[in-house]
Amino acid sequence: MFPAKMDALWWVVFSLNFLFAAGIMLTYLGRRERDVVGGHSESISSLNKRALVILPIKGVDYELEENLASLKEQEYSPYDIVAVVDSENDESVPYLRKQGIRFFIARAACMKCSGKVRAIYSALLEFPGYDYYVVADSDIRVGRGWLSALLLPLADPGVGAATTFPVFFPDGGYWSKLKMFWGLVGQSMMESRLTRFVWGGSMAFRKDLMDDASLKSFSESVSDDIAVLRAVKERGLRVSYVPRSRPEIHSADNFSTFVEWANRQTAFSIYSTNKTFIFGMVYYVATIYLILSSIILSIFVNVLFLVFLFPFFYNSINSQRKVPVKTWYFLSLTFMLPFVYVWNLISGFTRRRVTWRGNTYSLSKNE
């Protein structure tokens with residue numbers, strides 16, 4: 459029983475925690491993986507549309523050779539791959555030559571753009587004769603059906619872009635495993651049309667998405683995926699999420715590389731819309747409150763407060779089921795995540811510049 463003089467107060471707190479727990483559980487139960495392909499029955503092989511995979515690349519990513527080889531082994535036909543580099547002296551060039559991947563130097567002039575946007579913009583100008591354009595990051599490793607699955611939704615004229623979200627495969631210790639769990643939030647956001655975004659590591663669109671006006675807007679952007687999402691929304695089209703084309707991103711992160719990466723990713727999300735910061739802070743602060751208050755109040759008030767840890771354990775076990783590498787200390791990772799997300803959100807919201815691939819870019823909110 460609650461202390462006699464505090465019964466009313468603790469019942470109020472108990473009721474408040476119940477509401478928080480119910481709300482958080484509803485978000486967990488509402489996550490349903492959907493492959494939105496527009497409902498058409500036409501197979502991708504019968505479309506016979508030419509596709510160009512654009513590979514912006516700078517430096518040597520972790521296990522780059524394996525990543526490049528996977529991009530070359532796609533079952534879709536016809537498609538070409540072109541890599542875009544800043545210079546023939548780039549460290550990635552020997553790897554591209556070894557894999558027989560064509561490359562050229564980005565020369566397009568653009569204002570305020572990032573190096574990746576400049577590379578993609580250069581490729582769009584240099585190779586205008588394709589039906590589909592696909593952007594792939596050099597750190598992804600894909601299956602043979604990746605390209606086919608990613609292009610299939612584009613047969614629906616109501617779909618403006620198709621995208622997916624990676625599985626982070628940990629080849630290191632604690633921090634690379636934390637990154638693996640961190641990535642599940644992105645997958646969850648993709649599963650709802652309300653929070654779906656375009657992920658620049660694997661995105662595809664038809665050539666008609668990038669008319670002269672869209673190309674100009676694209677060339678003035680820091681983030682390629684935000685620019686594509688903007689073009690899709692301006693036309694009243696949809697973004698299709700394709701979980702079947704999920705790539706793997708292998709990494710061996712340590713503390714500093716994980717924090718720098720996570721803060722940058724969150725900064726770009728907030729740069730797209732401040733709703734990311736508002737909704738994220740409300741959700742994760744509520745999650746932290748529920749976890750800490752359940753533990754503390756179960757010790758000092760009543761053990762019944764432990765029931766409100768159910769959403770945490772449910773999500774932790776479900777997350778452990780989804781990740782590619784199981785770990786016995788997964789509860790410590792999932793316990794850490796809400797605190798990490800809040801730190802990422804605060805850092806991203808206050809950040810005015812990001813360093814990316816050796817370059818520093820200014821961020822103007824909601825450009």
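For the numbering used here, add 458 to where a residue sits in the sequence shown, where the first one is 1.
All residues carry an ideal CB built from backbone N, CA and C; glycine is no exception.
Beta-bridge analysis with DSSP links L608 to no other residue.
CA-CA distance, E649 to Y699, rounds to 7 Å.
Ranked by Cα distance from M569, the first of F770, D711, D682 and E678 is E678.
Judged by their CB atoms, F663 and V686 are nearer to each other than the 8 Å cut-off. A Cβ-Cβ distance of about 6 Å is found for the pair E531 and R602, placing them in contact under the 8 Å criterion. With contacts defined by Cβ atoms closer than 8 Å, I559 and A581 do not form a contacting pair. By the Cβ test, the region 718-737 is not in contact with the region 768-779, since fewer than three Cβ pairs between them sit closer than 8 Å. Ranked by Cα distance from D683, the first of C571, I757, F562 and Y553 is C571. Cβ-Cβ distances below 8 Å link A527 to Q557 in the same chain, with the five nearest sequence neighbours on each side left out; the list follows chain order. Our two residues, A567 and Y579, have alpha carbons roughly 9 Å apart in a direct line.
With contacts defined by Cβ atoms closer than 8 Å, Y772 and Y486 form a contacting pair. The Cβ atoms of A619 and V511 lie no closer than 8 Å to each other. Remark: three or more beta-carbon pairs, one from each stretch, lie closer than 8 Å, so the region 787-800 and the region 738-756 are flagged as touching. If the five residues before and after D629 are omitted, its C-beta is found closer than 7 Å to the C-beta atoms of H708, S709 and A710, all from its own chain and listed in chain order. For the set I563, T813, M638 and R810, the Cα lying nearest the Cα of V625 is the one of M638. DSSP places L522 in the helix class (H, G or I) of the three-state scheme.
Nearest C-alpha to F716 among G659, V575, W633 and S820: W633.
Around S675, the same chain offers A685, R688 and A689 as residues with beta carbons nearer than 8 Å, after the five sequence neighbours per side are excluded. Across the structure, V518 and S535 are spaced so that their CA atoms are roughly 28 Å apart. The criterion of a C-beta distance shorter than 8 Å is satisfied by V592 and L608. Apart from sequence neighbours up to five positions away, the residues of its chain that approach K507 with a beta-carbon distance below 7 Å are D589 and Y590, ordered along the chain. For P796, the uninterrupted alpha helix (DSSP H) run begins and ends at F788 to T808, by DSSP. Sequence-distant partners of M647 (beyond 5 residues in either direction) whose C-beta falls short of 6 Å from its own C-beta, in its chain, are T653. Contact between the region 753-772 and the region 664-673 is not established, with fewer than three Cβ pairs separated by less than 8 Å.
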